[in-house]
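In UniProt numbering, the protein residues as written are 1 to 70.
If you want it as structure tokens, here you go:
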């Protein structure tokens, strides 16, 4: 029973994220210094920001874990 509920939850989350990606498919320009520009879909930018936030959060937890060992 829990396997069915877990699968249903995963499918629901997948379709919510898929619909979010479809709604945010507009091209967005990212401007850097010295005239450098990238044009990417909004969903790619959001995914990159989410991924980098997760990486920074993971490394901050590692730093606290190593400091607590001393």
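Even for Gly, the Cβ is constructed at its ideal location relative to N, Cα and C.
Positions of the alpha helix (DSSP H) runs, each at least 4 residues long and wholly inside the UniProt domain "Lipopolysaccharide assembly protein A" (23-70), are given as 42-69 in order along the chain.
Here the alpha carbon of residue 37 sits roughly 46 Å from the alpha carbon of residue 3. Within its own chain, the residues whose Cβ lies closer than 6 Å to the Cβ of residue 31, once the five positions on either side in sequence are excluded, are 37, listed in chain order. The alpha carbon of residue 44 has as its nearest neighbour, out of 5, 20, 16, the alpha carbon of 20. Taking a C-beta distance under 8 Å as the contact criterion, residue 41 and residue 60 do not qualify as a contact pair.
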